[in-house]
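Residue numbers (the working numbering), protein chains in the order written: chain A, 5 to 300; chain B, 393 to 634.
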Ligand SMILES: Nc1ncnc2c1ncn2[C@@H]1O[C@H](COP(=O)(O)OP(=O)(O)OP(=O)(O)O)[C@@H](O)[C@H]1O
Ligand SMILES: [Mg+2]
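This is the structure we're talking about:
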């Protein structure tokens with residue numbers, strides 16, 4: 005195999021890895037502010053893709069508008085999900101909450117199948133199909149859109165969380181809910197915001213991914229699984245670690261598929277998860293003292 | 393200023409407060425003393441709006457603040473430095489203080505207040521860019537205290553600011569309490585260490601298993617036989633004998 009094949013595998017790995025990273029970060033954001041593992045996280049990606057399909061093909065929106073409207077809608081769906089399904093529960097158990105998110109994920113899938121059917125849908129790539137040559141390997145231009153958009157979003161998110169008051173309030177609430185209440189942070193608002201942001205991340209991932217891989221109602225769940233693995237491998241508490249874990253997962257998956265066999269594609273993530281749980285249960289990028297305090 | 397009447401608090405079915413009546417006037421330092429599990433923290437949590445199930449009345453300047461959201465209570469002028477400090481560990485000292493002023497919108501004044509906190513606690517100034525989680529216990533206590541002051545509260549609730557700290561640090565923290573007391577701040581101080589609390593406060597209430605069993609001016613209580621026997625004896629040996 006030549007260098008160009010490796011480069012191709014690298015690009016496809018990092019591309020799908022960046023999608024996993026978005027899903028994983030979505031898990032992490034909700035988990036940090038509420039302690040909930042939201043297993044409906046993958047459905048936000050699916051909805052992002054399919055809503056974009058409708059925006060583009062049925063409503064004939066240009067791509068930038070499609071992008072904005074879709075992300076906005078998915079964000080609203082995420083927020084409504086919290087308001088209608090999570091918030092009304094009084095003193096919910098962790099298990100109860102997980103069941104709710106599973107139910108919500110099944111429901112979202114069902115509604116999506118009802119609206120968009122079982123077939124796959126696509127939208128055009130953002131800038132044509134003419135491959136770009138990178139050191140001999142030909143890379144579809146959508147790859148650069150996916151990476152560019154996702155990394156821009158990640159950087160914006162990082163800057164907000166680091167330097168704005170609301171970002172600090174989100175981190176503070178994740179760190180210590182009681183103290184957040186005591187300094188006057190509206191914790192309820194932060195929880196809503198974290199559902200909104202997580203859903204929005206999924207929506208972004210869905211729109212940029214769909215031109216490459218098409219989208220159908222049942223695509224969310226496997227993505228949630230991979231994203232979840234990345235979140236746990238990343239240590240459930242460290243955004244940078246989570247993103248890196250997502251990227252690594254995509255890369256490993258791509259290289260194993262390309263060099264060994266594509267049969268293993270979907271078990272790799274679980275395999276890595278199991279190994280990490282055996283060797284370093286707190287995740288690769290987390291301090292073990294912190295991990296002791298966690299519910300999972 | 394703050395009046396609490398027949399306050400009862402429940403954790404699920406367990407009743408932690410069984411009808412507590414206390415009041416604090418403007419400019420007063422009042423302490424709440426009592427053994428482990430007496431209900432001191434529960435009282436402060438009830439005032440701050442952290443408890444779901446409470447009965448009775450909590451009035452701030454005549455207005456009921458019962459069942460008000462915690463963030464609104466901070467906005468009304470009641471701030472708390474909680475037991476166990478609860479600093480925001482992954483954020484630095486400056487950000488912890490800024491978040492203390494979360495309900496305020498006056499940026500310049502906030503910056504000035506942060507400098508004021510650094511004057512009160514020079515150790516914090518040295519560590520302003522360190523993560524709160526890396527501070528020593530004493531520094532974290534100072535930070536929790538400073539963070540509570542940052543909202544410019546009318547009433548400051550302090551829950552066990554001395555617990556687990558070295559005598560020198562305790563002295564430092566209590567001298568700040570003295571100082572803000574002189575500035576006229578109203579304080580409700582919770583302590584297990586009765587002697588320390590009585591020294592700084594004007595009046596005190598003694599709590600036992602969810603009830604007020606004794607109250608009076610601090611100088612009366614210091615003289616009281618019951619207090620001597622039940623609280624001061626052990627704390628003198630334990631903390632301040634040295
Ligand atoms: N979260 C909780 N759930 C159930 N019971 C609680 C809870 N917090 C406190 N209690 C109970 O309520 C009672 C009063 O507790 P509280 O923490 O108010 O006491 P305290 O006077 O602050 O004690 P300490 O000096 O140890 O801080 C105790 O019997 C305690 O076991
Ligand atoms: Mg207590």
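No residue lacks a Cβ here, since even glycine has one placed at the ideal position from N, Cα and C. All figures in this text were calculated on a predicted structure; none of them were measured in a lab.
Subject >> Contact set, ligand 1 heavy atom to C-beta under 6 Å >> reply: That gives B:403, B:406, B:408, B:426, B:428, B:429, B:430, B:431, B:432, B:433, B:434, B:475 and B:584.
**OP:** Quickly, what does DSSP pair residue 143 (chain A) with across the bridge? List them, please.
**Re:** BP columns for residue 143 (chain A) point to A:136.
**OP:** With 7 Å as the limit, tell me which residues of the segment 177-188 of chain A have their beta carbon closer than that to any beta carbon of chain B; keep them in chain order.
**Re:** The segment 177-188 of chain A vs chain B, Cβ under 7 Å: 179, 180, 182, 183, 185, 186, 187 and 188.
**OP:** Would you please verify whether the beta carbon of residue 403 (chain B) is less than 9 Å from any beta carbon of chain A?
**Re:** In terms of beta-carbon proximity, residue 403 (chain B) stays away from the interface with chain A, with every pair separated by 9 Å or more.
Original post:
ligand 2 heavy atoms versus the CB of residue 600 (chain B): any closer than 8 Å?
Top reply: The answer is no for residue 600 (chain B).
Original post:
Nearest chain A C-beta to residue 467 (chain B) closer than 9 Å, yes or no?
Top reply: It does; some Cβ of chain A falls within 9 Å.
Original post:
At least one CB of chain B closer than 9 Å to the CB of residue 191 (chain A): is that the case?
Top reply: Yes, its Cβ sits closer than 9 Å to a Cβ of chain B.
Original post:
So, residue 46 (chain A) versus residue 227 (chain A), is the Cβ gap smaller than 9 Å?
Top reply: In terms of Cβ geometry, residue 46 (chain A) and residue 227 (chain A) form a close pair [threshold 9 Å].
Original post:
Would residue 463 (chain B) count as contacting chain A if we go by Cβ distances under 9 Å?
Top reply: So, interface residue.
**OP:** Kindly say whether residue 594 (chain B), judged by its beta-carbon, lies nearer than 9 Å to any beta-carbon of chain E.
**Re:** The chain labelled as chain E is not found among the protein chains of the depicted structure, namely A and B.
Original post:
Which value, in whole angstroms, describes the spacing of the CA atoms of residue 501 (chain B) and residue 508 (chain B)?
Top reply: Their Cα atoms are separated by approximately 10 Å.
**OP:** Given a cut-off of 9 Å, decide if residue 527 (chain B) and residue 479 (chain B) are closer than it, judged by their beta-carbon atoms.
**Re:** At a Cβ-Cβ threshold of 9 Å, residue 479 (chain B) and residue 527 (chain B) count as neighbours.
Original post:
Any contact of the segment 247-263 of chain A with the segment 19-28 of chain A, i.e. 3+ C-beta pairs under 8 Å?
Top reply: Touching, per the Cβ criterion.
**OP:** Could you tell me whether any Cβ in chain A is nearer than 9 Å to the Cβ of residue 471 (chain B)?
**Re:** Answer yes: the Cβ-Cβ gap between residue 471 (chain B) and chain A drops below 9 Å somewhere.
Subject >> Neighbourhood of residue 230 (chain A) by C-beta distance below 6 Å, restricted to the same chain and skipping five residues each side >> reply: The residues 24 and 273, in chain order, have a CB closer than 6 Å to that of residue 230 (chain A) in the same chain once the five nearest residues on each side in sequence are set aside.
Subject >> Which of helix, strand or coil DSSP assigns to residue 611 (chain B) >> reply: Helix at residue 611 (chain B).
Subject >> Cβ distance (whole Å) where residue 82 (chain A) is taken to contact residue 211 (chain A) below 8 Å >> reply: The pair is not a contact, with the Cβ atoms about 15 Å apart (cut-off 8 Å).
Original post:
Taking just the CA atoms, how far does residue 482 (chain B) sit from residue 57 (chain A)?
Top reply: Straight-line measurement puts the Cα of residue 482 (chain B) at about 41 Å from the Cα of residue 57 (chain A).
Original post:
Where does residue 446 (chain B) sit, in a helix, a strand or coil, going by DSSP?
Top reply: Note: residue 446 (chain B) maps to strand in three-state DSSP.
Original post:
For a contact meaning CB atoms closer than 9 Å, what does residue 487 (chain B) contact in chain A?
Top reply: Proximity of chain A to residue 487 (chain B) at the Cβ level (cut-off 9 Å) is accounted for by 172, 175 and 176, in chain order.
Subject >> Beta-carbon gap between residue 205 (chain A) and residue 67 (chain A) smaller than 9 Å >> reply: With contacts defined by Cβ atoms closer than 9 Å, residue 205 (chain A) and residue 67 (chain A) do not form a contacting pair.
Original post:
By Cβ distance, which residues of its chain are closer than 7 Å to residue 77 (chain A), with the 5 residues on each side in sequence left out?
Top reply: If we look at residue 77 (chain A) and ignore the five residues flanking it on each side, its Cβ neighbours are 55.
**OP:** Taking only heavy atoms of ligand 2 into account, decide whether any of them is closer than 8 Å to the Cβ of residue 582 (chain B).
**Re:** At least one heavy atom of ligand 2 is nearer than 8 Å to the Cβ of residue 582 (chain B), so yes.
Original post:
Three or more beta-carbon pairs under 8 Å between the segment 542-554 of chain B and the segment 488-497 of chain B, yes or no?
Top reply: The segment 542-554 of chain B, when compared against the segment 488-497 of chain B, does touch it at the 8 Å Cβ threshold.
Original post:
Quick one: what does DSSP say residue 542 (chain B) is sitting in, helix, strand or coil?
Top reply: Here residue 542 (chain B) sits in coil by DSSP.
Original post:
According to DSSP, is residue 494 (chain B) helix, strand or coil?
Top reply: Correct three-state label for residue 494 (chain B): coil.
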